[in-house]
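The structure appears right after this line, and notes come after that.
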Amino acid sequence: EDSASIAARIEALAANNRRIHEAECFNLNPATNVMNPRAEALLASGIGSRPSLGYPGDKYEMGLEAIEEIEVIAASLAAEVFEAKFAEIRVPSGAIANLYGFMATCKPGDTIIAPPASVGGHVTHHAGGCAGLYGLQIIEAPVDSDGYTVDLAGLADLARKERPKLITLGASLNLFEHPVREVRAIADEVGAKLLFDAAHQCGIIAGKAWRNPLAEGAHMMTMSTYKSLGGPAGGLIVSNDAALAERLDAIAFPGMTANFDAAKSAALAVTLLDWRAHGVAYAAQMVAVAQALAAALEAEGLPVFKGAQGATNSHQFAIAAAGFGGGQAASKTLRKAGFLACGIGLPIDPVAGDMNGLRIGTPELVRWGVTPDDAPRMAGLIAQALRSNDASALLPEVSAWRQGFDALHYIT
Ligand code: PLP
Numbered sequence: 027e028d029s030a031s032i033a034a035r036i037e038a039l040a041a042n043n044r045r046i047h048e049a050e051c052f053n054l055n056p057a058t059n060v061m062n063p064r065a066e067a068l069l070a071s072g073i074g075s076r077p078s079l080g081y082p083g084d085k086y087e088m089g090l091e092a093i094e095e096i097e098v099i100a101a102s103l104a105a106e107v108f109e110a111k112f113a114e115i116r117v118p119s120g121a122i123a124n125l126y127g128f129m130a131t132c133k134p135g136d137t138i139i140a141p142p143a144s145v146g147g148h149v150t151h152h153a154g155g156c157a158g159l160y161g162l163q164i165i166e167a168p169v170d171s172d173g174y175t176v177d178l179a180g181l182a183d184l185a186r187k188e189r190p191k192l193i194t195l196g197a198s199l200n201l202f203e204h205p206v207r208e209v210r211a212i213a214d215e216v217g218a219k220l221l222f223d224a225a226h227q228c229g230i231i232a233g234k235a236w237r238n239p240l241a242e243g244a245h246m247m248t249m250s251t252y253k254s255l256g257g258p259a260g261g262l263i264v265s266n267d268a269a270l271a272e273r274l275d276a277i278a279f280p281g282m283t284a285n286f287d288a289a290k291s292a293a294l295a296v297t298l299l300d301w302r303a304h305g306v307a308y309a310a311q312m313v314a315v316a317q318a319l320a321a322a323l324e325a326e327g328l329p330v331f332k333g334a335q336g337a338t339n340s341h342q343f344a345i346a347a348a349g350f351g352g353g354q355a356a357s358k359t360l361r362k363a364g365f366l367a368c369g370i371g372l373p374i375d376p377v378a379g380d381m382n383g384l385r386i387g388t389p390e391l392v393r394w395g396v397t398p399d400d401a402p403r404m405a406g407l408i409a410q411a412l413r414s415n416d417a418s419a420l421l422p423e424v425s426a427w428r429q430g431f432d433a434l435h436y437i438t
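In full-length UniProt numbering, the protein residues as written are 27 to 438.
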C-alpha cells in the first residue's frame with residue numbers, strides 16, 4: 027500500500043473513531059472523556075513539536091517565550107484547582123506519575139503496601155507495573171469489601187510488621203471515600219509516606235464532590251489528565267510537601283523528561299479552566315447520574331455491587347459480571363448494542379478467565395448532557411443488551427438516542 031493511501035486510511039480511521047464515540051455509542055467507561063474543543067485544538071496548534079528543555083526563564087533552546095508562559099499558567103492552574111502548594115505538570119501519563127511518586131519516596135528494594143486488584147488496585151502499583159519494574163517489593167493491602175477499600179486494622183498490623191516506605195490508596199474503581207486520614211496516621215506511625223492515586227477521582231476531587239486527599243493528609247496525589255478530568259492524555263502530581271516537591275521537580279527534569287509536550291500543557295490549562303468555572307456542578311452531576319443509573323440497573327434486576335454505603339458515592343459503580351460471562355465478556359456484548367464499558371475486579375467470587383466485575387462511569391455521559399432522568403431508559407437498554415443473544419439488534423435504537431446528545435456541557 028502506498029504512503030498516500032495509508033495516510034488517507036489513518037485519517038478515515040480517526041474519523042471513524044470519532045463517529046463510534048460521538049454518534050454511535052454511549053461511553054460508560056469512566057477512564058475516558060471528551061475534551062473541550064478549544065483544548066483539543068491546542069493539541070494541534072503547532073507547539074507540541076517544539077522543544078522545551080529547562081525551566082521557564084532559563085530554557086536551553088531559544089524562542090520559547092510563549093511556551094514558557096503556557097507552562098507557568100498550566101502549573102499554577104493545576105495548583106489552584108487541586109488546592110495544592112506544588113503541581114508537577116511534566117508528567118507523560120498517570121502511570122509515569124506513579125513512577126515519579128515511587129522514585130520520590132523509595133529506593134529499589136524498598137517495600138510498599140498497595141491495594142490489590144480485588145478493590146480496583148492498579149497494575150502500576152503492582153509487580154508487573156512500574157512499582158515492580160523500579161524494583162520495589164509490593165505487598166497487597168488487606169481489603170474491606172464493604173467499603174471497597176483497604177481494611178484499616180489489617181493495614182496497621184501489616185505496616186507495623188513490614189515497615190513500608192510508602193502506602194498507596196486510590197484505584198481504578200472508587201465507590202466510597204477512602205480513609206485517607208486513618209491511613210496517614212498508620213503511615214506516620216511506621217515512617218512511611220502516603221500516595222493517593224487519583225487517576226480516576228481527580229475530577230470529583232477538583233469538583234469538590236469528594237474531600238481532597240491532600241487536605242486529608244496524603245503526601246502526594248497522582249492523576250491521569252484524560253479520565254474524569256477531561257483533558258489531554260497525560261499525568262499530573264500535586265503535593266503540599268516542599269521536600270517531596272523538590273524531588274519530584276528533579277525527577278521530572280532533568281530526570282525523566284528533557285523536552286516535553288507543551289501542546290499538552292496548553293490543552294491541560296484550558297481543561298483546568300473548565301473545572302474552575304463548572305467543576306462543582308459537573309462533579310455533582312457525575313455522582314447523581316451514577317447513583318441514578320446504579321439504582322435503575324438494580325431495578326432492572328441486575329446485580330449491582332453494593333457496600334455498606336450502597337452502590338456508590340462516586341462517578342463510578344460496578345455490576346457483578348459472573349452471570350454475563352465476566353466483565354470483559356459483558357463489555358463485548360454491550361459494545362454490540364452501542365454501550366462502551368470494561369471489566370474490573372470486585373471482592374467477590376472470581377470468574378475463570380475473565381474479570382468478575384463490569385465497571386460503569388459517568389464522566390462522558392454527563393459531558394454530553396445525560397441526566398438522572400435518562401437513567402431508567404438507559405438501564406433498560408443495558409439490561410436488555412446483557413440478557414440478549416443478539417445485542418446488536420439494539421444498536422439502531424441506542425445510536426438514534428445517542429445522536430440526540432450532541433452538545434457539550436460544563437465547558438468554558
Ligand atoms: N492509576 C490508576 C488507578 C488507573 O486506573 C490508571 C489507568 O489507566 C493509571 C494509574 C494509569 O494512568 P494512565 O493511563 O494515565 O497512564
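The beta-carbon is built from N, C-alpha and C at its ideal position, and this holds for glycine as well. Since the structure is predicted, the reported quantities are computational estimates derived from the model, not experimental observations.
Mind checking who residue i pairs with in its DSSP beta bridge?
i      : result
Met246 : Leu221, Ser265
Thr137 : Gln163
Ala347 : Answer is none; Ala347 lacks a bridge partner.
Tyr81  : Asp84
Gly383 : Ala346, Ile370
Thr194 : Leu221
Phe52  : Phe365
Phe112 : Ser265
Asp170 : Thr175
Val330 : Ile345
Gly336 : Gly333
Val377 : Asp380
Val117 : Gly261
Are the Cβ atoms of residue i and residue j separated by less than 8 Å?
i           : j      : result
Thr248      : Leu221 : yes
Ile263      : Gly80  : no
Leu201      : Asn339 : yes
Ile139      : Leu199 : no
Leu372      : Ile408 : no
residue 454 : Leu421 : Absent from the structure is residue 454, since the part of the chain shown begins at 27 and ends at 438.
Leu294      : Ala100 : yes
Pro82       : Glu97  : yes
Ala282      : Gly229 : In the sequence as presented, Ala is not what sits at residue 282; that position holds Met. Not a contact, by the Cβ cut-off of 8 Å.
Leu195      : Val216 : no
His341      : Gly387 : yes
Ala157      : Val206 : no
Arg76       : Ile93  : yes
Using the rule of at least 16 other Cβ atoms within 10 Å of the residue's Cβ for burial, across every protein chain shown, is residue i buried or exposed?
i      : result
Ser254 : buried
Met88  : exposed
Thr397 : exposed
Asp223 : buried
Arg393 : buried
Arg186 : exposed
Asn55  : buried
Tyr86  : exposed
Lys111 : exposed
Ile73  : buried
Ile32  : exposed
Gly256 : buried
Under 6 Å Cβ to Cβ from residue i, same chain only, skipping five residues before and after it: list those, please.
i      : result
His152 : Ile164
Pro376 : Asn382
His304 : Tyr436
Ala322 : Ala401, Pro402, Ala405
Arg64  : Val296
Ala213 : Ile193, Leu220
Ala57  : Lys253
Pro324 : Pro is not the amino acid found at residue 324; the sequence shown has Glu there. For Glu324, where only same-chain residues beyond five positions count, the Cβ hits under 6 Å are Val330.
Leu103 : Ala295, Leu298
Is residue i near the ligand NAP, with its Cβ less than 7 Å from a heavy atom?
i      : result
Gly120 : Ligands displayed in this structure: the ligand PLP; the ligand NAP is not among them.
Within 8 Å of any Cβ in chain B, is that where the Cβ of residue i sits?
i      : result
Ala244 : Given the protein chain composition of this structure (a single chain), no chain B is represented.
Taking residue i as the reference, which of the options has the closest Cα?
i           : options                        : result
Ser71       : Pro402, Lys290, Arg385, Ala405 : Lys290
His148      : Glu97, Asn124, Lys133          : Asn124
Pro118      : Gln342, Asn285, Glu423         : Asn285
Gly155      : Ile122, Leu184, Gly173, Arg186 : Ile122
Leu434      : Ser250, Ala41, Met61, Gln335   : Met61
Ser425      : Ala49, Glu37, Ser102           : Ala49
Gly336      : Ala269, Asp172, Ala235         : Asp172
residue 489 : Phe343, Leu159, Asp287         : Here the chain covers residues 27 to 438 and nothing more, so residue 489 does not appear.
Once the 5 residues before and after residue i are set aside, which same chain residues still bring their CB inside 7 Å of it?
i      : result
Val169 : Pro142, Ser144, Val145, Val176, Asp177, Pro373
Gly406 : Glu326
Cys51  : Gly364, Phe365, Leu366, Arg428
Trp301 : Val107, Ala232, Gly233
Ala356 : Ala347, Phe350, Leu384, Leu412
Ile277 : Tyr126, Met129, Ala130
Cys132 : Ile138, Leu162, Lys191, Leu192
Ala320 : Val330, Ala337, Thr338, Phe343
Go through its chain and collect everything with a Cβ distance to residue i's Cβ below 8 Å, but skip five positions before and after it.
i      : result
Asp380 : Ala347, Gly351, Gly352, Gly353, Gln354, Ala355, Gly369
Leu184 : Ile139, Ile165, Ala167, Pro168
Lys307 : According to the sequence displayed, residue 307 carries Ala and not Lys. The residues are Gly233, Tyr436.
Glu109 : Asn238, Leu240, Ala241
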